[in-house]
Each structure stands twice: as structure tokens, then as C-alpha cells.
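Positions -9 to 126 (my numbering) are the ones given, in order, by the sequence shown.
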Amino acid sequence: MGTVEEKKTRNTKHQQAVLDLLQRAKKTLTADEIKEQIEANINKTTVYRMLDRFIDAGKIHFVTGQNGKSYYALCKDCKEEPVQHIHNHLHFQCENCGNVECLPETLDVPRLKDYKIKETQLLLIGICKTCVTKNT
Ligand SMILES: [Zn+2]
Ligand SMILES: [Zn+2]
Ligand SMILES: [Zn+2]
């Protein structure tokens, strides 16, 4: 058992590793993929806890895929509004390879009077450009 300080440093290192991983990824990643690809021995609960914290901090966002899994990505061009951080870009899930990507295309998310929006889940489903090219 390390000291509290050592534990803190380790957590910070793991958090940075997760952010770096998402930064390098060309597509969104699931918690399982993050756990597999990160070069550290951390359990899934810790991965989820970190991801939740990043979402709260406005660093990352997620979209739920067709299979009910969450796919995480770094926030890049999120619309910063005075009261909320809005995800108005589209996501695409490929039925062939299963990859979920963030698209640069955006939709205007309407502001709803008297409602508080916490998440936007904009998902298109079809065949991605890599798989379309492969099959022609
Ligand atoms: Zn965001
Ligand atoms: Zn595909
Ligand atoms: Zn996205």
C-alpha cells in the first residue's frame, strides 16, 4: 500500500493516459477498449469512474451505440454556452465494423424552455466509408 501522495500521483498518471489514448484514437472508444489499450493495470470500475469525472469536467462525451454500449470521445469543438456544454455534432455507427466515429456535421439542438438538457445522443447508423470502399 502506497502513501496517499503516491496514490494521487498514480491516479493523475492514469487519467492522463486515458486522455492521451482518446486523443490518439481516430474513433470513439468503449470502456473495454480503454482498459485493454491503457498501459496500466486498472480495473473497469476505475475506468468508468475516470470517464464519469471527465464527462462532468467537460473533457469528454459519449454516445450510446446500437448495442447499448457507451462510446467515448474527447471534446474538441463543443459548443460552450453560458450555462451548458452542448454536443451538437453527429455520430456514426457502422453496422459492418461496429466503429463509432464523431462526425464534423452538426445539428441545431433546440433549447427547450423549462427543460434541462444533460446529454445529446445523435447517432446515425449505416455503413462507414472504410467499409463502403472495401465492398466496391
Ligand atoms: Zn463536449
Ligand atoms: Zn465500417
Ligand atoms: Zn462525438
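All C-beta atoms in this analysis are idealised placements derived from N, C-alpha and C, irrespective of residue type, glycine included.
Within the stretch 55 to 120, the complete beta strand (DSSP E) runs of at least 3 residues fall at 60 to 64, 79 to 84, 90 to 96, 113 to 116.
Ligand 3 approaches A63 closely enough that one of its heavy atoms is under 6 Å from the residue's Cβ. Counting C-beta atoms within 10 angstroms of its own C-beta, L93 has fewer than 16 neighbours from the protein chains shown and is therefore classed as exposed. In the pairwise beta carbon analysis, the stretch 0 to 12 is classified as touching the stretch 26 to 44: at least three pairs are separated by under 8 Å. No Cβ-Cβ contact shorter than 7 Å links T54 with H79. Here I24 carries a helix assignment [DSSP, helix/strand/coil]. Using a Cβ distance threshold of 7 Å, I115 and N86 do not count as a contacting pair. At a cut-off of 6 Å, the beta-carbon of N86 counts as near ligand 2: some heavy atom of the ligand is closer than that.
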